[in-house]
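Visitor:
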Amino acid sequence: MKRFKKVMSSVLLASMMLSSVACSSQSEKEPSANATTAAAAAETKGADEKATEAAGSDEKAASDLKVGFIFLHDENSTYDLNFIEAATRACGEAGVTPIFKTNIPEGQECYEAACELADAGCSIVFADSFGHEDYMIEAAKEYPEVQFCHATGTKAHTEGLSNYHNAFATIFEGRYLAGIAAGMKLNEMIESGAITEDQAKMGYIGAYTYAEVISGYTSFFLGARSVCPSTTMEVTFTGSWYDETAEKEGANKLIENGCVLISQHADSMGAPTACEKAGVPDVSYNGSTASACPNTFIVSSKIDWAPYYAYIIDSVENGTEIATDWTGTLETGSVVLTDFGTAAAEGTADAIAKAEADLKSGSIHVFDVSTFTVDGAALTSYMADVDTDADYTPDTEVIKDGYFDESGEGFRSAPYFDLKIDGITLLDTAF
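Each residue of the sequence shown is one higher than the one before, counting from 1 in our numbering.
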């Protein structure tokens, strides 16, 4: 089997062409991603898969190290584009060669892609989507000499493989800060008479009812409510990470329901463009939408994956161990906000700067249990599913010093906040 893969890999590599696709920096993007990005395009393998070997910069790679990347979609997805840009930047700065595989589904195709990258000489293989995990683990067992790293996964700390690793970041802090921007906008609308206090209802489009999505919309809501106490929110789900039609329809439904501000945890431009058409303020995710939505864009939070890529490249080059679970933070530069759009309210930058400083110092916590209730009651204890099993069995006490310790030290990096707090109404929860 390996020999067949190696032959096929050699054929694939022989057919690859290096080219550079420059992504010019835009003022609305976050400062840390403001450098010109280069990515190389290669031959298309089938309708949905594209393998790319990219130099990552105009200079020749300084080492022989190759890093393979598996992306669920391509640059048309804001989620995957964020990973692609970070990978190109980090590999360029490190002088190593990245090989990109795009449009790889969350199925056996991921295992095949991982094996092809290992056979192509990649010392590191990275995958970017939750559903890739089982297939990455399968490949890691077959190629013990290759380091397999996976974003958003939950099983590295229970699998016990020395060459399989999970990574995530405290993006709930970024969403909390973006929520403050939303709350400031709601206050502006109240003060101007555009809405009343009891009309401060936000809408949110989520992909699935996973803990990662629940953690995200809850932290966004708590950020907004920290500055606009009358805030409520409705959340609808699409059942897909990327479905432009469903996301647009979801946004329109929420707007029809009286939501006066929209945010999302889904990967297309469906919701932001619906907001622009309706004139409804929008907080996007994974990157600025200011160019497409100049009148309604407020801000976006995102994970900058470049610090993690730099870390794993350095670890392999120097023979040091890669953490089983790695969590990026505000301090590591892994959790960032874009520049503000024209729809941001006056005073937003100052409010966010203060909250960010307080988060870094530990004087406030996103999931402070004194700031929310569950079914009308205060939360004093909670057993979360940290050591994931097939039944999602609660196994770990996560209330610590008065707050829910999301992605806490000694716990897994991926979110496990799955509580339904008061003030948030869920719609279409079949997903």
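Cβ coordinates follow ideal geometry from the N, Cα and C atoms, glycine included.
Just grab the DSSP bridge partners of His-150 for me.
Guide: BP columns for His-150 point to Ala-127, Asn-166.
Visitor: Keeping to the same chain, check which residues put their C-beta closer than 7 angstroms to that of Ser-63; ignore five residues upstream and five downstream.
Guide: These residues qualify, in order along the chain: Gly-95, Val-96, Glu-317.
Visitor: Which value, in whole angstroms, describes the spacing of the CA atoms of Phe-417 and Gly-408?
Guide: Each residue's Cα considered, the two are about 11 angstroms apart.
Visitor: Taking 8 angstroms as the threshold, find out whether the stretch 287 to 299 comes into contact with the stretch 332 to 343 through three or more Cβ pairs.
Guide: The stretch 287 to 299 vs the stretch 332 to 343: in contact.
Visitor: Can you look up Ser-25 in the DSSP assignment and give me helix, strand or coil?
Guide: With a pLDDT of 30 at Ser-25, under the threshold of 50, the modelled position of this residue cannot be trusted; read the value that follows with caution. Coil at Ser-25, not helix or strand.
Visitor: Cβ atoms of Phe-148 and Ala-114: under 8 angstroms apart, would you say?
Guide: Yes. Within cutoff.
Visitor: So who's on the other strand from Tyr-403, going by DSSP bridges?
Guide: Tyr-403 is bridged to Asp-368, Lys-400.
Visitor: Pick helix, strand or coil for Leu-330, following the three-state DSSP scheme.
Guide: Here Leu-330 sits in coil by DSSP.
Visitor: Using a C-beta cutoff of 8 angstroms, does Ala-274 count as contacting chain E?
Guide: The question asks about chain E, but that chain is absent: this structure has only one protein chain.
Visitor: For the stretch 216 to 224 and the stretch 152 to 165, state whether three or more C-beta atom pairs, one from each stretch, are separated by less than 8 angstroms.
Guide: Output reads no: the stretch 152 to 165 does not touch the stretch 216 to 224.
Visitor: With a 10 Å radius around its C-beta and 16 neighbouring C-beta atoms as the bar for buried, classify Gln-264 as buried or exposed.
Guide: Buried.
Visitor: Of the choices Asp-325, Leu-81, Ser-361, Gly-92, whose alpha-carbon is the least far from that of Pro-415?
Guide: Selected option, being the one with the closest Cα: Asp-325.
Visitor: Who pairs with Gln-264 in a beta bridge, going by DSSP?
Guide: Bridge partners of Gln-264: Ile-205.
Visitor: So does the stretch 184 to 204 actually touch the stretch 231 to 244, counting three or more Cβ pairs closer than 8 angstroms?
Guide: With the cut-off at 8 angstroms, the stretch 184 to 204 and the stretch 231 to 244 touch.
Visitor: For my contact list, Tyr-309 and Ala-86 are in at a C-beta cut-off of 8 angstroms; report their separation, rounded to the angstrom.
Guide: Rounded, the Cβ-Cβ distance is 6 angstroms, consistent with contact.
Visitor: Please list, in chain order, all residues of the same chain as Lys-248 whose beta carbon is under 6 angstroms from its beta carbon, the five residues on each side excluded.
Guide: Answer for Lys-248: Gly-270, Ala-274, listed in chain order.
Visitor: Relative to the C-alpha of Ala-90, which candidate in Val-398, Lys-400, Pro-307 has its C-alpha closest?
Guide: The candidate whose alpha carbon is nearest that of Ala-90 is Pro-307.
Visitor: Report back the beta-carbon spacing between Ala-345 and Lys-185 to the nearest angstrom; my notes put them in contact at under 8 angstroms.
Guide: Between Lys-185 and Ala-345 the Cβ distance is about 5 angstroms, and since that is below 8 angstroms, they are a contact.
Visitor: Please go through the stretch 246 to 317 and give each complete beta strand (DSSP E) segment of 3 or more residues, from N-terminal end onward.
Guide: If we require 3 residues or more, the beta strand (DSSP E) runs fully inside the stretch 246 to 317 come out as 261 to 265, 282 to 285, 297 to 303.
Visitor: Using a 10 Å radius around the Cβ and a threshold of 16 neighbouring Cβ atoms, would you call Met-383 buried or exposed?
Guide: Per the 10 Å Cβ criterion, exposed.
Visitor: Going straight from the alpha carbon of Ser-300 to that of Phe-83, what length do you get?
Guide: Whole-angstrom Cα-Cα distance: 15 angstroms.
Visitor: With DSSP as the reference, identify every bridge partner of Met-383, one or two as the case may be.
Guide: DSSP lists Glu-397 as partners of Met-383.
Visitor: I need the DSSP call for Lys-66, collapsed to helix, strand or coil.
Guide: Three-state result, Lys-66: strand.
Visitor: Which residue comes first and which comes last in the beta strand (DSSP E) that contains Lys-440?
Guide: There is simply no residue 440 to check, as the chain begins at 1 and stops at 431 in what is shown.
Visitor: Where do the ends of the beta strand (DSSP E) carrying Phe-340 lie?
Guide: No beta strand (DSSP E) contains Phe-340, which DSSP labels as neither H nor E.
Visitor: Could you give the residue range of the beta strand (DSSP E) that holds Phe-411?
Guide: Per DSSP, Phe-411 belongs to no beta strand (DSSP E) and is neither H nor E.
Visitor: Is the stretch 395 to 405 touching the stretch 130 to 145, taking contact as three or more C-beta pairs under 8 angstroms?
Guide: Contact fails: fewer than three Cβ-Cβ distances are below 8 angstroms.
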